[in-house]
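Notes follow once the structure below has been shown.
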Amino acid sequence: MHKSMLLARSQLKGAKGQAIAIVALLFLASSMLHLWLMLSMDYRQNFDRCHDRLHAAHVLLAADDDSDGLRDFLTQTAKGDGRTEEISFDDAMHKVGFFAYNGGEVNTELLFINRETAVSRSVGSVEIVEEGDVKSGIYLPVLYKSKEIAIGNTIEISIGNTDMRYEVCGFFNSVMAGSHNCGMCELMLTEDAYKKLEEENIAPKAALCSIRISDQAESEAYETMLKNAVSSKYPHVKTVSNSYALVSQSRYISQMVCAGILSAMACFLSGIALVVMASNIVHYVQENMKHLGALKAIGYTGRQLRGSLLMQFLLLTLLSATAGVLASYLLFPPLNAMMIAQTGIPYEVRFLPLPLLTTLLILCGAAWAVVCVSSRRMKKMEPITMLRQGIFSHNFKRNYAPLAHAKLPLSFALALKTTLSGIKYNFTVGVTMLLLSLIVVFSGVMEKNMIADATPFLDLIVGETADSCISVLAQTEQDFLQEMQADERVQKAYLYSSQEVRHDGGAKLMATICDDFSNVNNQSVVFEGRFPKYANEIALGATYAKEQDLAIGQEITVTANGKEAAYLVTGFTQISNNLGKDCLMTRDGYERLGELQAAEYYLNLLEGTDIEAFHAQAKKRFGDGVNVTINIRAALEGMSSVYISLMKVIVFAVLLLSVFVIAFVLFLLVRIMLGSKKREYGILKACGFTSGQLVLQTALSFLPAMTVSTAIGLLVSSCIINPLTALFLGSIGIVKCTFVVPVGWIAAAGAGLLLLAFAMACLLSLKIRKITPKELLVGE
Amino acid sequence: MKDVLLKTECLSKSFSNGGMLRHILKNIDLELYAGDFTVIMGASGAGKSTLLYALSGMDKPSLGRICFGEEEISGYGQDQLALFRRKHCGFVFQQIYLIDTMSVMDNVLAAGMLVNRDRKALLKKAEELFAAVGISKEVQKKFPTQISGGEAQRAGIVRALINQPKILFADEPTGALNSKTGLDVLDTLTKCNEQGQSIVMVTHDMRSARRGNRILYLKDGAILGECALGAYRSGDRERQEALSGFLREMGW
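Heads up: the protein sequence lines correspond to chains C and S, in order. Quick note: the first sequence uses the working numbering, first residue 1, plus one each step. Quick note: the second sequence uses the working numbering, first residue 1, plus one each step.
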């Protein structure tokens, strides 16, 4: 053990540069790995911790009826279910509304609660995160805290068709209704503001029912049961509800995206670090064969020699992994801040032993395996064979690219010789560039489809986008439609309503209803099969269909409003709004289950149209006939800006990381090459080669492997990027991605990557200048 | 009157060793002539190899001038010296220094292609030189580690001569060879010199030194004396005695 340690120490001393490069790569790999593990093992569990701390509901239902009869009915229904643990009711007001946020709009079901009521609820109380001296006004979920929405500032909230102005008193944390991703968003009003809203009769009074159940895995089924019961008994009462299952998933989309990207980066970096480590060991064994043979000859065993290598690399891995873990704790707060902008649930960064241990175990285990496999030559060879073999690490079976026949200039021909005889270097360079190509393609696709123009991303996530949505009452619909058709500013107006239906009276599906689906802007929502055309047809969310093992052509029963009807599945859709639990049907199809009380129309407006002014005119013209207006563009901007900012940071970070990876890998390879070719360079210099020629020759020798692997990497990555993205987004209902692969961008970035790598190889090879022919003569 | 090929004025070379300055070459004034087979002799540590490196542009002097014809090479930078070496110098080393990962032919062509872009002419020239030193086509295709020391050194001589250098520098060219192969190498060098090739050779071997027509004796970094022997003739006893006498006089 002691002898192995001595050997390990001397090996480390002799290869400081290589050790530094491996440490740097392992450092990056471990920080990514640890960040990923922290996100996967703890970040999401923060929701549960918060849920427990606030004694939050597993099912939340708001019904626009505050009569005692409904409350009694709900109590009886809940108590009749063995899963119920606790039930509580609170007074609230409920209405669809919107307010400006993050350069766009938040448009959702708003739930207004009295501050005192909200903080003292027995189930699902809120916690005040920040509070000012403002005595009258509104408290918002902490998610919306921004430069514009700050304590003391005034916020304008459109509740139905009325605009209300409130002074911001503070911010709170609500687990089940603290974000627009929860299906409903809680807003707390001070006593006087609540009373005023009540008096103005803008939003209907509602009963807010919070239920805790014994098994949270049953939350979705329980919600379905409760909602079915209410809609059967009170068919005309509007209800909104959510469940633990839906909220815990929808509030953590950014965590899921970040974790996915970090896991990929961790795998890439660990893979590269291990390949580099293996290449370094193989090279070390070859270059030091004589030396190792001599050690064996004087009595060192193969186990001791391998043990020294194992100790050396385990020590390096342990040190760099620990440093990486520490660095990840520094990186975590900004990452946390970005994700809180989507989750809206405060997370306190704390020491987590399990991710730390897992990171160390994974990396040390992988390093151990790599050392054992790469150094197996040392175990088997006899000392005399090693002593004799010495420098014979070259394959003498073939003289690659003989100069007598090479048609290339001398430097190119010599570089080609090095390339063809340097399989280890080519392999390491190849693997690195292949993986980095995938990063380039990912960055290109995200830049094109999300950062530069978010439409493809929104089409994928939201499904359908237009400029405006106006919800009109059934009796106003014909007039409204005529008016829209006559209005020059309206390019297209089509029905695009949402209604809740249930499959076989069980799982809730959000049905999108349209007169004619050929009118919708996003024709790729149905990615397999076709849109429904007839009254007995339905297109189903692919994720749900997969869960239920439903196929195109199969007939399913759908229920709503106490009625049921059979529908033929014509296609699969992918919309992430309801985490894949969606369906599409025609108006005729829906009317088999009930009448549409209000019709939501999507409008494509002429470019430059003032959407808010357009809405104001519509409200003026149709009065109470207009239920709600939504500026879709603004709402999407508000929603997408969080994801776009997150993606910008991710793309920048992965590209920066790629530069570091290239630099470290090339540094290591060039250093190894210079070490092993020092004698050769000395001879060539003595013969009259200039440093410039040798630098060029060294850098050129990496170019074929770089070019081929980058080209293959870009090509393969371009083909797999969409299925890969779909795989990452599978849990939010995305099955097929059709992102545009920007060929020009990717080709330019690929060329840039190559140029960068070549320039770095040149730069790193400049050390050749220091090799003098005299050094060669004296050194031998 | 012979043409001066290389000339040094007050050539000095010092090394710093543990804070102490060691003067290896001290104010050497020397002229090397075209067509000569100059042999530099001296005891170990006398500065023979240092003088050879300085003369050949492998190393820069600390002080003084080295002129190659009209060119002063002592002020050259590393790349200028490299260009000077490829154009005017050939080298034969004691350790041979062929590149192990290249075939014997490629070792020669790698040096030749630096100067001559005409690949056909270069190949022809290489083959002529290989034939002249007795290296077969078979050996040309082999790697240096697959041939004998003598063959490798003769291949080294071909590499040194491929660019038709004005001057060939040889540093103990037989030092790593056995007696028989050493003799072959010396014969090759002698033959080259007879054909007009200027040679400067460092050796401490009497048998090798006999091949020179001018012997310089170095002691403590300075030229202690020199001896003109005239053209080499095998078995010339008078020549041998003159050399022995000179070396005795120098304290050899």
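Beta carbons: idealized from backbone N, C-alpha and C, even for Gly.
Across the structure, Ala635 of chain C and Thr418 of chain C are spaced so that their CA atoms are roughly 58 Å apart.
Across the set S:Ile96, S:Leu55, S:Ser62, S:Met105, the C-alpha of S:Leu55 shows the shortest separation from the C-alpha of His88 of chain S.
The secondary-structure analysis by DSSP pairs Gly541 of chain C across a beta bridge with C:Thr573. Secondary structure of Val168 of chain C (DSSP, three-state): strand. Of all C-beta pairs linking the stretch 659-678 of chain C to the stretch 339-353 of chain C, fewer than three are shorter than 8 Å, placing the two stretches out of contact. Pairing Ala207 of chain C with Val440 of chain C gives a Cβ-Cβ distance that is not under 8 Å.
The beta carbon of Gln78 of chain S sits closer than 8 Å to some beta carbon of chain C.
Rounded to the nearest angstrom, the Cβ distance from Asp64 of chain C to Pro204 of chain C is 4 Å, consistent with a contact under 8 Å. Separation of Asp184 of chain S and Gly150 of chain S (C-alpha to C-alpha, rounded to the nearest whole angstrom) is 7 Å. C-alpha of Leu764 of chain C to C-alpha of Leu436 of chain C: approximately 20 Å in a straight line. Near chain C, meaning a CB-to-CB distance below 7 Å, the residues of the stretch 113-128 of chain S are Met113, Leu114, Leu123. Counting only runs of at least 4 residues, the stretch 61-109 of chain C fully encloses the following alpha helix (DSSP H) elements, listed from N- to C-terminal order: 68-79. The stretch 123-141 of chain C and the stretch 168-188 of chain C touch, with three or more beta-carbon pairs separated by less than 8 Å.
For Ile147 of chain S and Met105 of chain S, the gap between their C-alpha atoms comes out near 12 Å. Within the same chain, Arg489 come within 6 Å of Thr609 of chain C by CB-CB distance, once the 5 residues on both sides are set aside.
The continuous beta strand (DSSP E) containing Tyr217 of chain S extends over residues 214-219.
Inside the stretch 488-552 of chain C, DSSP marks whole beta strand (DSSP E) runs of 3 or more residues at positions 490-495, 497-503, 508-514, 526-529, 537-541, from first to last along the chain. Chain C places a beta carbon closer than 8 Å to that of Phe91 of chain S, counting this residue as a contact.
The stretch 619-703 of chain C contains, as complete alpha helix (DSSP H) runs of 4+ residues, the segments 632-687 (chain order). Contact between Leu114 of chain S and Gly692 of chain C is ruled out by a C-beta separation of about 13 Å, above the 8 Å threshold. Closest in C-alpha terms to His34 of chain C, from the list C:Ile672, C:His615, C:Val695, C:Ser328, comes C:Ser328. Secondary structure at Phe37 of chain S: strand, using DSSP grouped into helix, strand and coil. Rounded to the nearest angstrom, the gap between the Cα atoms of Arg117 of chain S and Leu656 of chain C is 43 Å. With a 10 Å radius around the Cβ and a threshold of 16 neighbouring Cβ atoms, Thr301 of chain C comes out exposed. A Cβ-Cβ distance of about 6 Å is found for the pair Ala367 of chain C and Leu314 of chain C, placing them in contact under the 8 Å criterion.
Shortest Cα-Cα distance from Pro235 of chain C to any of C:Phe47, C:Leu596, C:Ile720, C:Ser640 involves C:Leu596. In the structure shown, Lys26 of chain S adopts extended strand secondary structure according to DSSP, grouped into three states.
The Cβ neighbour count for Ser524 of chain C, taken over all protein chains shown within 10 Å, is under 16; the residue is labelled exposed. Cβ proximity to chain S below 7 Å picks out Asn399, Pro402, Leu403, Ala404, Leu410, Leu414 from the stretch 399-414 of chain C. According to the DSSP assignment, Cys89 of chain S belongs to the beta strand (DSSP E) that extends over 89-92. Distance from the Cα of Ala545 of chain C is smallest, within the candidate group C:Ile513, C:Ala565, C:Leu509, C:Ala560, for C:Leu509.
By the criterion of a C-beta distance shorter than 7 Å, Glu9 of chain S is surrounded in its chain by Asp29, Gly64, Arg65, once the five residues flanking it on both sides are discounted. Under the three-state reduction of DSSP output, Glu172 of chain S falls in the coil class, being neither helix nor strand. Contact note: Cys687 of chain C reaches chain S through Arg85, Arg86, Phe91, Ala110, Ala111, Leu114, Arg159, using a C-beta cutoff of 8 Å and chain order. Tyr602 of chain C has C:Cys469, C:Tyr494 as its beta-bridge partners, per DSSP. Residues of the stretch 44-69 of chain S that bring their beta carbon within less than 8 Å of a beta carbon in chain C comprise Ser49, Tyr53, Met58, Asp59, in sequence order.
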